[in-house]
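K.L.:
Convert by adding 9 to the 1-based position in the first sequence; the result is the number in my numbering.
Here a beta-carbon is modelled for each residue, glycine too, at the ideal position from N, C-alpha and C.
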Amino acid sequence: MRLSRLPVATQKEAPADAEIVSHQLMLRAGLIRKLAAGIYTWLPMGLRVVRKVERIVREEMDAAGGLELIMPSVQPGKLWRESGRWDFYGPELLRFTDRHDREFCYGPTHEEVITDIARRELRSYRQLPVTFYQIQTKFRDEIRPRFGVMRAREFVMKDAYSFHLDKASLDETYQVMYRAYSAVFERTGLKFRAVEADSGAIGGEVSHEFHVLADSGEDAIAFSNASDYAANVEAAPVPRPSGERAAAGDAMQKVATPGAQSIAEVSDMLSVPPERCLKTLFVCGDNDDVVALVLRGDHELNAIKAAKITGVADPLKMAGAAQVRSAAGAAPGSVGPVGLSCRIYADHAAALASDFVCGANEDGFHFKSVNWDRDLPEPETADLRNARAGDPSPDGQGTLEIARGIEVGHIFKLETKYSEAMQATVLDTGGKSVAMPMGCYGIGVTRVVAAAIEQNHDERGIIWPAAIAPYQIMIVPLNLPKSARVREASEKLYERLQQKGYEVLFDDRDARPGVKFADCDLLGIPVRLVIAERGIDAGTIECKSRREPDPEHIAADELDAYLDSRLGSGSS
RNA sequence: CGGGGCAUAGCGCAGCCUGGUAGCGCGUCUGCUUUGGGAGCAGAAGGUCGGGGGUUCGAAUCCCUCUGCCCCGACCA
Numbered sequence: 010m011r012l013s014r015l016p017v018a019t020q021k022e023a024p025a026d027a028e029i030v031s032h033q034l035m036l037r038a039g040l041i042r043k044l045a046a047g048i049y050t051w052l053p054m055g056l057r058v059v060r061k062v063e064r065i066v067r068e069e070m071d072a073a074g075g076l077e078l079i080m081p082s083v084q085p086g087k088l089w090r091e092s093g094r095w096d097f098y099g100p101e102l103l104r105f106t107d108r109h110d111r112e113f114c115y116g117p118t119h120e121e122v123i124t125d126i127a128r129r130e131l132r133s134y135r136q137l138p139v140t141f142y143q144i145q146t147k148f149r150d151e152i153r154p155r156f157g158v159m160r161a162r163e164f165v166m167k168d169a170y171s172f173h174l175d176k177a178s179l180d181e182t183y184q185v186m187y188r189a190y191s192a193v194f195e196r197t198g199l200k201f202r203a204v205e206a207d208s209g210a211i212g213g214e215v216s217h218e219f220h221v222l223a224d225s226g227e228d229a230i231a232f233s234n235a236s237d238y239a240a241n242v243e244a245a246p247v248p249r250p251s252g253e254r255a256a257a258g259d260a261m262q263k264v265a266t267p268g269a270q271s272i273a274e275v276s277d278m279l280s281v282p283p284e285r286c287l288k289t290l291f292v293c294g295d296n297d298d299v300v301a302l303v304l305r306g307d308h309e310l311n312a313i314k315a316a317k318i319t320g321v322a323d324p325l326k327m328a329g330a331a332q333v334r335s336a337a338g339a340a341p342g343s344v345g346p347v348g349l350s351c352r353i354y355a356d357h358a359a360a361l362a363s364d365f366v367c368g369a370n371e372d373g374f375h376f377k378s379v380n381w382d383r384d385l386p387e388p389e390t391a392d393l394r395n396a397r398a399g400d401p402s403p404d405g406q407g408t409l410e411i412a413r414g415i416e417v418g419h420i421f422k423l424e425t426k427y428s429e430a431m432q433a434t435v436l437d438t439g440g441k442s443v444a445m446p447m448g449c450y451g452i453g454v455t456r457v458v459a460a461a462i463e464q465n466h467d468e469r470g471i472i473w474p475a476a477i478a479p480y481q482i483m484i485v486p487l488n489l490p491k492s493a494r495v496r497e498a499s500e501k502l503y504e505r506l507q508q509k510g511y512e513v514l515f516d517d518r519d520a521r522p523g524v525k526f527a528d529c530d531l532l533g534i535p536v537r538l539v540i541a542e543r544g545i546d547a548g549t550i551e552c553k554s555r556r557e558p559d560p561e562h563i564a565a566d567e568l569d570a571y572l573d574s575r576l577g578s579g580s581s
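Have a look at this one:
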């Protein structure tokens with residue numbers, strides 16, 4: 010590709026509404042353009058990256074036995090009524106009617122359609138197991154699209170669905186997909202981690218998310234420093250601590266804490282460390298009541314764990330100030346578990362505290378030297394908090410560290426949720442009709458592109474891993490208009506490298522060197538080859554890897570070896 | 001959905017308070033000079049000031065309204 014023929018110019022400044030670095034760089038480098046909130050055009054340079062990712066995904070899906078198909082993006086509402094999701098899905102589902110006033114939606118996901126396919130095509134256990142997949146544009150009408158294509162409304166996703174005779178077969182395919190996903194992200198050249206995740210509303214079983222590691226990631230993931238264990242923090246269990254509660258000391262005492270609302274303020278005022286200040290959170294119960302959750306001041310409530318407690322509303326909803334006052338008789342900053350009549354659950358660690366501080370349920374007052382069993386009944390205990398760095402790993406090996414991640418893949422077992430609702434059955438070996446257990450496996454293709462940039466960039470621009478770079482090599486001739494030798498040498502090199510199968514950008518513009526270097530860095534092309542009079546005289550080519558600080562001057566006949574070492578063996 | 005903000009040239013912004021026919025930087029085009037890290041000089045093109053309505057002799061500017069976009073919040077004890 011000759012840069013002079015690429016009409017999309019790079020930009021020095023990013024639009025003011027681009028918040029995160031990947032969004033800014035994608036705009037500046039001319040990868041994408043916004044059409045509307047959360048809706049983007051992929052320009053030629055950006056599309057190439059999307060295609061690279063798609064190709065890796067497709068190859069690994071095929072290798073794992075997946076069968077590619079494409080389902081419609083527009084889906085009849087009727088199907089969604091069958092599965093029960095028409096009413097359940099909410100405003101994220103973009104709905105509309107056709108001219109005959111029939112209901113339709115733009116697919117945010119394709120369980121209904123694939124289950125419909127399966128129920129029509131699959132009759133016998135002999136056809137199973139089978140995995141279908143597609144790479145397709147989806148639409149979710151997010152409340153608040155942001156971060157460019159990272160959290161867009163329209164996006165490209167690979168979704169796969171597997172169908173089975175029984176649970177054992179599903180488990181087996183799940184493992185196959187787990188390995189396929191690992192292979193996909195391995196090949197992209199990104200640093201990633203597979204983590205245990207909350208499976209959400211469906212099924213109790215553990216699912217796995219694949220995260221691209223990046224400091225800007227929206228998810229926190231916990232992983233052991235001594236084993237393979239890794240989990241989304243929201244799903245990481247915190248085992249009950251083994252220690253004994255220390256003996257109670259002084260008698261409970263009420264102290265004035267005027268103006269002290271937060272744990273930090275109370276802790277400061279009373280000179281008691283946060284871990285011995287217990288906080289009490291009121292959440293909505295199942296039926297109009299409230300439930301009190303007690304945690305150590307230095308711990309964070311885990312909403313997903315809390316919502317799983319019987320009697321607590323799911324999804325979790327914090328009680329309003331009025332509800333708190335009627336339950337505790339004080340404002341949120343001065344409430345505690347002593348004397349409450351509602352149900353109380355204490356996090357394991359909070360239940361282990363002794364001589365602790367908590368709100369006195371009277372505005373502006375706290376209790377000191379409070380002890381379970383002495384000053385208030387032993388609480389029911391539960392795992393309520395987020396895991397944090399330094400906690401013991403749930404698998405018993407090592408301690409946890411926390412990293413940030415961007416969720417780019419998720420695999421989970423649907424079991425028979427859809428096959429039962431939509432009567433997707435096959436005859437088993439005994440001739441009996443059984444609903445097929447299903448698996449569901451997604452990869453956010455366009456999000457992978459953004460995540461790759463979040464993980465790989467510097468102040469000059471993008472640093473593509475070679476496997477997903479839009480082009481592998483940029484030829485930068487200097488003083489092209491005036492030097493026939495430079496023109497000849499660079500044209501020849503351009504020709505030769507393309508012949509070898511490399512994807513090459515040729516900066517044949519009449520621009521100053523600084524402009525060319527800056528664009529090359531911004532675009533993140535892995536290898537830059539500078540052609541100038543000097544090098545021609547010396548018989549060398551200046552080769553620079555985007556990842557390395559300094560160029561190397563390589564003899565012309567060593568070039569292939571250099572490229573091999575930086576890009577892997579040639580061809581695309 | 002609640003709260004806040006913004007909308008002026010392709011991009012980044014000023015002008016608005018205090019009404020008088022729109023400006024800066026980058027980019028684009030032409031010419032000359034320049035050519036190893038976003039060059040210099042000279043010239044040029046490009047704007048229904050988001051839409052509609054109102055006030056006024058006169059509105060980018062004041063008022064009303066609509067639309068679009070952005071930010072914050074939806075763990076706080």
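Determine contact between the region 365-377 and the region 197-209, defined as no fewer than three beta-carbon pairs at a distance below 8 angstroms.
P.N.:
No, because fewer than three Cβ pairs between the region 365-377 and the region 197-209 fall closer than 8 angstroms, the two stretches do not touch.
K.L.:
In the structure shown, what three-state DSSP assignment does S82 receive?
P.N.:
It is coil, neither helix nor strand.
K.L.:
Please state the DSSP three-state secondary structure of G544.
P.N.:
It is helical.
K.L.:
Have a look at D107 and P85 and give me their C-alpha separation to the nearest angstrom.
P.N.:
C-alpha separation (whole angstroms): 10 angstroms.
K.L.:
Can you give me the start and stop residues for the beta strand (DSSP E) that C529 sits inside?
P.N.:
It is not in any beta strand (DSSP E) - C529 instead sits in the alpha helix (DSSP H) that spans P522 to L532.
K.L.:
Starting from H357, trace the alpha helix (DSSP H) in both directions and tell me its first and last residue.
P.N.:
First-last of the alpha helix (DSSP H) with H357: H357 to A360.
K.L.:
If you draw a straight line from the C-alpha of H419 to the C-alpha of L88, how long is it?
P.N.:
Taking the straight line from one Cα to the other gives about 24 angstroms.
K.L.:
Pick out whichever of Y511, V539 and V204 has its Cα sitting closest to the Cα of D573.
P.N.:
Of the candidates Y511, V539 and V204, the one whose C-alpha sits nearest the C-alpha of D573 is Y511.
K.L.:
Using a threshold of 8 angstroms, state whether the C-beta atoms of D372 and A340 are closer than that.
P.N.:
Contact: yes.
K.L.:
Keeping to the same chain, check which residues put their C-beta closer than 6 angstroms to that of D180; ignore five residues upstream and five downstream.
P.N.:
Closer than 6 angstroms at Cβ, skipping near neighbours: no residue.
K.L.:
Alpha carbon to alpha carbon, how far is R505 from S499?
P.N.:
Using only the alpha carbons, I get a separation of about 10 angstroms.
K.L.:
So which of A541, S92 and G342 has the shortest CA-CA distance to R496?
P.N.:
Residue A541 is the option with its Cα nearest to R496.
K.L.:
Distance check for I471 and T19, CA to CA, integer angstroms please.
P.N.:
The straight-line gap from Cα to Cα measures roughly 13 angstroms.
K.L.:
Hey, G320 and A169 are a contact pair by Cβ (cut 8 angstroms); roughly how many whole angstroms apart?
P.N.:
Not quite, the Cβ-Cβ distance comes to about 38 angstroms (not below 8 angstroms), so this is no contact.
K.L.:
Between which residues of its own chain and E309 is the CB-CB distance below 7 angstroms, once the five residues before and five after are set aside?
P.N.:
Same-chain partners within the cutoff: R394 and N395.
K.L.:
Given this structure, state the Cα-to-Cα distance separating G345 from L287, to the nearest angstrom.
P.N.:
Taking the straight line from one Cα to the other gives about 8 angstroms.
K.L.:
Given this structure, state the Cα-to-Cα distance separating V292 from Q332, to the nearest angstrom.
P.N.:
Using only the alpha carbons, I get a separation of about 9 angstroms.
K.L.:
Using DSSP with H/G/I as helix, E/B as strand and the rest coil, what is K426?
P.N.:
K426: helix per DSSP, three-state reduction.
K.L.:
With DSSP collapsed to three states, give me the class of F97.
P.N.:
DSSP places F97 in helix when its eight states are reduced to three.
K.L.:
Please determine, among N234, A229 and K422, the residue with the shortest C-alpha to C-alpha distance to A245.
P.N.:
Of the candidates N234, A229 and K422, the one whose C-alpha sits nearest the C-alpha of A245 is A229.
K.L.:
State the Cα-Cα distance for the pair P138 and E551, rounded to the nearest angstrom.
P.N.:
The alpha-carbon atoms of P138 and E551 are separated by roughly 54 angstroms.
K.L.:
Going by the DSSP bridge assignment, what does C552 pair with across the sheet?
P.N.:
L538 and E561, per the DSSP bridge assignment.
K.L.:
From the DSSP output, read off the bridge partner residues of Y134.
P.N.:
Bridge partners of Y134: none, in fact.
K.L.:
In whole angstroms, what is the alpha-carbon distance linking R518 and K491?
P.N.:
Their Cα atoms are separated by approximately 12 angstroms.
K.L.:
Quick one: grab the DSSP three-state call for P486.
P.N.:
Note: P486 maps to strand in three-state DSSP.
K.L.:
Following the continuous beta strand (DSSP E) through V275, name the residue where it begins and the one where it ends.
P.N.:
Premise fails: V275 lies in the alpha helix (DSSP H), I272 to L279, not in any beta strand (DSSP E).
K.L.:
For V30, which residues in the same chain have their Cβ closer than 8 angstroms to its Cβ, ignoring the five residues on either side in sequence?
P.N.:
Hits under 8 angstroms: S225, I462, E463 and H466.
K.L.:
Assign E424 to buried or exposed, taking buried as 16 or more other Cβ atoms, counted over all protein chains shown, within 10 Å of its Cβ.
P.N.:
By the 10 Å Cβ count, E424 comes out buried.
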